[in-house]
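Working notes, beginning with the structure itself.
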Amino acid sequence: ELKVEQNPLFLSMQEGKNYTIYCNYSTTSDRLYWYRQDPGKSLESLFVLLSNGAVKQEGRLMASLDTKARLSTLHITAAVHDLSATYFCAGELSGGGADGLTFGKGTHLIIQP
Amino acid sequence: NAGVTQTPKFRILKIGQSMTLQCTQDMNHNYMYWYRQDPGMGLKLIYYSVGAGITDKGEVPNGYNVSRSTTEDFPLRLELAAPSQTSVYFCASTPGVTYQPQHFGDGTRLSIL
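Same order as they appear, the protein sequences are chains W and Y. When we follow this note's numbering, the leftmost residue of the first sequence carries the number 1, and every step to the right adds one. When we follow this note's numbering, the leftmost residue of the second sequence carries the number 1001, and every step to the right adds one.
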């Protein structure tokens, strides 16, 4: 059984600050996905991390994957209000993703002016 | 390009009623999924399909049924609705070949009273 644990589950931060969301997973299928969800909306794909050491960046968000530690991080640089959302990491139960994703509980991020 | 389309967007059911949540995608994706999201939680996999005529249970299949007669459509059937099935239901799809992220529909918000 795959377990995906995120922390923190809730984060309130000020604009301009940096912070990191952590995602630990238990499967040996080392592919990790990050999604963003705005309140009442659907999920938007942010990053797909496919191998050890993978690092991807988009604007103020950077995601990385350490398969040895079974840890992925989502780093926020110089946060802005528009990044307020809930962020989910998700892992695959098996290679190829045929049998779906297992999601963490999500990190509810509020960025205050 | 519509992507993944879910209908209806909102629905209120009485206990014991049945209904079908519709999901269709126009991206010719092989893999399709149904998830449910309870308040403040991550998504949990209900059923998935890797192609027409092939379906399988996910983590929380009890009380639901699915069918996949075409590549495009993946309806979810609730039989004998119960209050515990009050949730937001998301349909998703992915090509299933090259570890592409799942594309999500806008969700169906279902209340059972």
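Ideal Cβ positions, reconstructed from N, Cα and C, are used throughout, including at glycine.
Check: Are the CB atoms of Gly1096/Y and Asn1030/Y nearer to each other than 9 Å?; Outcome: yes
Check: Using a Cβ-Cβ cut-off of less than 7 Å, list which residues of the segment 25-46 of chain W approach chain Y; keep chain order.; Outcome: Arg31, Tyr33, Ser42, Leu43, Ser45
Check: With DSSP collapsed to three states, give me the class of Ser51/W.; Outcome: coil
Check: On the criterion of 16 or more Cβ atoms from any shown chain inside 10 Å, does Asp30/W qualify as buried, or is it exposed?; Outcome: buried
Check: Quick check on DSSP: helix, strand or coil for Asp82/W?; Outcome: helix
Check: Is the Cβ of Gly53/W closer than 9 Å to any Cβ of chain Y?; Outcome: no
Check: Give the single residue among Gly1016/Y, Ala1002/Y, Met1032/Y whose Cα lies nearest to the Cα of Asp99/W.; Outcome: Met1032/Y
Check: So Gly196/W and Gly1042/Y are supposed to be a Cβ contact under 8 Å. How far apart are they, rounded?; Outcome: Residue 196/W cannot be examined here, being either before or after the span of chain W that is shown, 1 to 113.
Check: Nearest by alpha-carbon distance to Leu43/W: which of Gly1053/Y, Phe1090/Y, Thr1020/Y is it?; Outcome: Phe1090/Y
Check: Does the beta-carbon of Gly1096/Y, which I'm using as the reference point, lie nearer than 8 Å to any heavy atom of the ligand FAD?; Outcome: Of ligands this structure carries none, so the ligand FAD is not represented either.
Check: Considering only the beta carbon of each residue, do Ala78/W and Arg60/W sit closer than 9 Å?; Outcome: yes
Check: Would you mind telling me which residues of chain C sit closer than 9 Å to Val48/W, beta carbon to beta carbon, in chain order?; Outcome: The structure shown contains no chain C; its protein chains are W and Y.
Check: When you compare only the Cα positions, how much space is there between Lys68/W and Trp1034/Y?; Outcome: 31 Å
Check: Is it buried or exposed for Ala1081/Y, if we count other Cβ within 10 angstroms and need 16 for buried?; Outcome: buried
Check: Along chain Y, which residues have their Cβ under 9 Å away from the Cβ of Lys105/W?; Outcome: Gly1040, Met1041, Gly1042
Check: With 16 other CB atoms within 10 Å as the buried threshold, where does Ile1046/Y fall?; Outcome: buried
Check: Against chain W, which members of the segment 1054-1087 of chain Y pass a CB distance test of less than 9 Å?; Outcome: Asp1056, Gly1058, Glu1059
Check: Can you give the beta carbon distance from Ala1052/Y to Thr1070/Y, rounded, assuming they're within the 8 Å contact cut?; Outcome: 6 Å
Check: Quick one: Cα of Ala1092/Y to Cα of Val4/W, how far?; Outcome: 19 Å
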